[in-house]
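Asker:
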Amino acid sequence: MLTFFYVAVTGYLVGSFPSAYVAGRIAGIDIRNTGSGNVGATNVARVLGKRFGYPVFVIDVAKGFIAVKLAEAFAGAAHFNPFVVDLCGVVGAMFAVIGHSFPVWLGFRGGKGVATSIGSLFALNWIPALVVGIVWILMFLTTRYVSLASIVAAISLPIAVGLMLFLKELPSPVLFYFSLILAAIVVFRHRSNIARLLSGTEHRFVRK
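565 is the number of the first residue of the sequence shown in this note's numbering; add one for each residue after it.
Here's what the structure looks like:
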């Protein structure tokens, strides 16, 4: 039980590193008061350009990946069976996303959790992560809405994982339950974007 506590705390702390905020401070601004105010890679790219946006995205993805691998390392050191190791990985991933979305360092006001979710998914199972990535890219190229692409990609996650479970490609339903929670968190964090999409006021990326 103590191992799960360590995994949760470590995952949260790794996920809570405010890369977007740090990038903004390096550029001389508070990203929370600029653009959409979101502390994430999309807002950084929109306000400061790709030079800052891309590194922030990579770091946010890495946070999810590292949190899962650390969790699995803790579980392995405790000599748990493979099922419990997978469960620890899921706990680490979930708390990394929570840490990114609600970082204690920024008054629990963080990003939407998409990039960190992708990183954690690749660490857990690359197949649904690849599906989510493809869905996101296709939706973004079609609509040019980052928020809509993220929402649809999040919804596609439990569908992809559920299909793998149905085809008996997963040893347990742990990843499926996690995918449902993860999709719910991402959609919840995009609730303001959903309102703007419905009202037609959501910002759309345009080719320059």
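Note that the Cβ used here is the ideal one computed from N, Cα and C, for glycine as well.
So, using beta-carbon positions, are serine 788 and valine 668 closer together than 9 Å?
Answerer: Because the chain in this structure spans residues 565 to 772, residue 788 falls outside the shown range and cannot be described.
Asker: Around the Cβ of glycine 640, are there at least 16 other Cβ atoms within 10 angstroms (buried) or fewer (exposed)?
Answerer: Here residue 640 refers to the residue found at position 76 when the sequence shown is read from its first residue. When all chains shown are included, glycine 640 counts as exposed.
Asker: Confirm, please, whether the CB-CB distance from leucine 746 to valine 625 is below 9 Å.
Answerer: Taking the first residue of the sequence shown as 1, we reach residue 625 at position 61. Taking the first residue of the sequence shown as 1, we reach residue 746 at position 182. Not a contact, by the Cβ cut-off of 9 Å.
Asker: What is the DSSP secondary structure of lysine 732, counted as helix, strand or coil?
Answerer: Looking up residue 732 in the sequence shown gives position 168. Lysine 732: coil per DSSP, three-state reduction.
Asker: Flag this pair as yes or no: are the beta carbons of serine 720 and valine 695 separated by less than 9 Å?
Answerer: If you number the sequence shown from 1, residue 720 lands on position 156. If you number the sequence shown from 1, residue 695 lands on position 131. Yes; because the gap between Cβ atoms is below 9 Å, this pair is in contact.
Asker: List the endpoints of the continuous alpha helix (DSSP H) containing glutamate 766.
Answerer: On the sequence shown, position 202 is the one that residue 766 refers to. No alpha helix (DSSP H) contains glutamate 766, which DSSP labels as neither H nor E.
Asker: Flag this pair as yes or no: are the beta carbons of alanine 657 and leucine 685 separated by less than 9 Å?
Answerer: Position 93 of the sequence shown holds residue 657. Position 121 of the sequence shown holds residue 685. For alanine 657 and leucine 685, yes; Cβs fall inside 9 Å.
Asker: Is the segment 596-614 in contact with the segment 664-684, if contact means three or more CB pairs nearer than 8 Å?
Answerer: Yes, the segment 596-614 is in contact with the segment 664-684.
Asker: Look at the Cβ atom of serine 736, then the Cβ atom of proline 722, and state whether they are nearer than 9 Å.
Answerer: Taking the first residue of the sequence shown as position 1, residue 736 is located at position 172. Taking the first residue of the sequence shown as position 1, residue 722 is located at position 158. In this structure, proline 722 does not lie closer than 9 Å to serine 736 by Cβ.
Asker: I'd like to check one pair, alanine 724 with tryptophan 700: are the Cβ atoms closer than 9 Å?
Answerer: Counting from 1 along the sequence shown, the entry for residue 700 is found at position 136. Counting from 1 along the sequence shown, the entry for residue 724 is found at position 160. It is not a contact, given that the beta carbons lie outside the stated cut-off.
Asker: With DSSP run on the structure shown, which of helix, strand or coil describes lysine 676?
Answerer: Taking the sequence shown and counting its residues from 1, one reaches residue 676 at position 112. The answer is coil: DSSP assigns lysine 676 none of H, G, I, E or B.
Asker: In terms of residue numbering, what span does the alpha helix (DSSP H) encompassing arginine 708 cover?
Answerer: Against the sequence shown, residue 708 aligns to sequence position 144. Neither: arginine 708 is in no alpha helix (DSSP H) and is coded neither H nor E.
Asker: Taking its Cβ as the centre, do 16 or more other Cβ atoms sit within 10 Å of phenylalanine 616, making it buried, or is it exposed?
Answerer: By 1-based counting over the sequence shown, the position of residue 616 is 52. Buried: at least 16 other Cβ atoms inside 10 Å.
Asker: Which same chain residues end up closer than 6 Å to glycine 663 when comparing Cβ atoms and leaving out the 5 residues on each side of it in sequence?
Answerer: Within the sequence shown, the letter at position 99 stands for residue 663. Cβ within range, chain order: Tyr576, Gly579, Ser580.
Asker: If you check the beta carbons only, do alanine 631 and alanine 713 fall under 9 Å apart?
Answerer: Start at 1 with the first residue of the sequence shown, and residue 631 comes out as number 67. Start at 1 with the first residue of the sequence shown, and residue 713 comes out as number 149. Contact flag unset, no.
Asker: Indicate whether histidine 754 and serine 600 have their beta-carbon atoms separated by less than 9 Å.
Answerer: Locating residue 754 in the sequence shown gives position 190, where the first residue counts as 1. Locating residue 600 in the sequence shown gives position 36, where the first residue counts as 1. No.
Asker: Could you tell me the alpha carbon to alpha carbon distance between glycine 628 and leucine 761, rounded to whole angstroms?
Answerer: Residue numbering aside, residue 628 sits at position 64 when the sequence shown is read from its first letter. Residue numbering aside, residue 761 sits at position 197 when the sequence shown is read from its first letter. Taking the straight line joining both Cα atoms gives about 28 Å.
Asker: Reducing DSSP to helix, strand and coil, say where aspartate 594 ends up.
Answerer: Counting from one through the sequence shown, the residue named residue 594 turns up at place 30. In this structure, aspartate 594 counts as coil in the three-state DSSP scheme.
Asker: With DSSP collapsed to three states, give me the class of valine 603.
Answerer: Here residue 603 refers to the residue found at position 39 of the sequence shown. Here valine 603 sits in coil by DSSP.
Asker: Compute the Euclidean distance between the alpha carbons of isoleucine 682 and glycine 697, then round it to the nearest angstrom.
Answerer: As a position in the sequence shown, residue 682 is number 118, starting the count at 1. As a position in the sequence shown, residue 697 is number 133, starting the count at 1. Using only the alpha carbons, I get a separation of about 8 Å.
Asker: For lysine 772, count the other beta carbons within 10 Å of its own beta carbon; 16 or more makes it buried, fewer makes it exposed. Which is it?
Answerer: Counted from its first residue, the sequence shown places residue 772 at position 208. Because the pLDDT at lysine 772 is just 47, under 50, the model does not fix this residue reliably, and the value given afterwards should be weighed accordingly. It counts as exposed.
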